[in-house]
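Here the structure is laid out as structure tokens; the discussion comes afterwards.
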Amino acid sequence: MRTHFRTHLSYLALDRAGAMVRDEPQVLVVDSGLDCDTFNVVAGARFEGDDAEEAIAGIVSGYGGRAFSWWVGPGDGPEDLGRRLLQAGLEPVEAETAMRLELAALREPSGSPPELRVVRVRTVEGLGDFAAVNAANWSPPDPLVMQFYGETAQAALAERSPLLFFVGYVEGAAVAACELCLGVDAAGIYNVSTRAACRGRGYGSAVTLEALREAQRREMAAVELQASADGLRIYERLGFRPAGHYQEFKPRSGESRDG
Numbered sequence: 001m002r003t004h005f006r007t008h009l010s011y012l013a014l015d016r017a018g019a020m021v022r023d024e025p026q027v028l029v030v031d032s033g034l035d036c037d038t039f040n041v042v043a044g045a046r047f048e049g050d051d052a053e054e055a056i057a058g059i060v061s062g063y064g065g066r067a068f069s070w071w072v073g074p075g076d077g078p079e080d081l082g083r084r085l086l087q088a089g090l091e092p093v094e095a096e097t098a099m100r101l102e103l104a105a106l107r108e109p110s111g112s113p114p115e116l117r118v119v120r121v122r123t124v125e126g127l128g129d130f131a132a133v134n135a136a137n138w139s140p141p142d143p144l145v146m147q148f149y150g151e152t153a154q155a156a157l158a159e160r161s162p163l164l165f166f167v168g169y170v171e172g173a174a175v176a177a178c179e180l181c182l183g184v185d186a187a188g189i190y191n192v193s194t195r196a197a198c199r200g201r202g203y204g205s206a207v208t209l210e211a212l213r214e215a216q217r218r219e220m221a222a223v224e225l226q227a228s229a230d231g232l233r234i235y236e237r238l239g240f241r242p243a244g245h246y247q248e249f250k251p252r253s254g255e256s257r258d259g
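To convert, note that position 133 of the sequence shown is 133 in full-length UniProt numbering; the numbers rise steadily by one, no gaps.
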């Protein structure tokens, strides 16, 4: 499990009252204390076959019926982890492609939308704009996304925070956003979002490009991300190449909040 992925999932939760982070070699379990599978996440499981079922059952019951996501990625185990999650009452909901870009091979596009102004977030107000763009991925917008970032703003904006946030504005309105998470071996791009009414104009690519430039300024050698099928070609044009697969699992519909 890449260090930036672990940091992305757990860093802000560590600063939230009522949250719990279990960070062990065998698994990462993040419980934000909210009923929201955006911030309640399990990843990096490396269970031994004989212990897997008990470990999975304990993690599932620990959320107490609240929403959570379980990501299965390269190196996770046992090999039949997906099957065991199905048996535990989870179902596959989204598959993504892991992608990696050696920053020396970054292909910068010829131009960005001239009306778009991309800034790195440095204020509580700017973090609120980042959160609002991400919350709008749901209809209606998810208030728990706004709540989480509001409650963890101090950690998110700290000088030494490994999380850097970027927002794109058009005429003063926040229309696109993304997060750059600095890791030991590579940086990660997360939460690339564009408001529905503003998609197809290159705004998401532009904020991602600014994050990649920041990674270059930080002397990172590579950047990684997880791409949906819709985003594959966009990232390939920037120089990203496939590097594995991730599968997201959630409790079956009706068993927890879908958030």
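Quick reminder that beta carbons are idealized off the backbone N, C-alpha and C, glycines included. Keep in mind that this is a model prediction, so the values were computed, not measured.
Taking contact to mean 3 or more Cβ pairs, one atom from each stretch, closer than 8 angstroms, check whether the stretch 142-159 and the stretch 235-244 are in contact. no
In three-state terms, what does DSSP make of Q216? In the sequence shown, counting from the first residue as 1, residue 216 sits at position 216. Helix.
From the DSSP output, in three-state form, read off D258 for me. The count along the sequence shown starts at 1 and reaches residue 258 at position 258. Annotation note: pLDDT 39 at D258 (below 50); position unreliable, coordinate value reported separately. Here D258 sits in coil by DSSP.
To which residues of the same chain is residue 271 closer than 6 angstroms at the C-beta, ignoring the five residues directly before and after it? Residue numbering for the chain in the displayed model covers 1 to 259; residue 271 lies beyond these limits and cannot be assessed.
How close, in whole Å, do the beta carbons of R195 and V175 come, if the pair is a contact with beta carbons under 8 angstroms? By one-based count along the sequence shown, residue 195 stands at place 195. By one-based count along the sequence shown, residue 175 stands at place 175. Contact flag correct, Cβ pair sits at about 5 angstroms.
Contact set for A136: own chain, Cβ-Cβ below 8 angstroms, skip 5 residues either direction: Sequence index remark: in the sequence shown, residue 136 carries index 136 (1-based). Closer than 8 angstroms at Cβ, skipping near neighbours: S193, R195 and A196.
Residue range of the unbroken beta strand (DSSP E) whose run includes G150: Mapped onto the sequence shown, residue 150 falls at position 150. Here G150 belongs to no beta strand (DSSP E); instead the alpha helix (DSSP H) covers P143 to E151.
Quick one: complete beta strand (DSSP E) runs, 3+ long, within the stretch 39-111? 41-43, 69-72 and 90-102
Short check: CB of T38 to CB of L232, under 8 angstroms? Counting from one through the sequence shown, the residue named residue 38 turns up at place 38. Counting from one through the sequence shown, the residue named residue 232 turns up at place 232. No, Cβ-Cβ distance for T38 and L232 is not below 8 angstroms.
On the three-state DSSP scale, how would you describe T208? In the sequence shown, residue 208 corresponds to position 208, counting from 1. T208 falls in the helix class under three-state DSSP.
Let me check understanding here. Comparing Cα to Cα, which of G244, P162 and E248 lies closest to R218? The residue given as residue 218 occupies position 218 in the sequence shown. The option with the nearest alpha carbon to R218 is P162.
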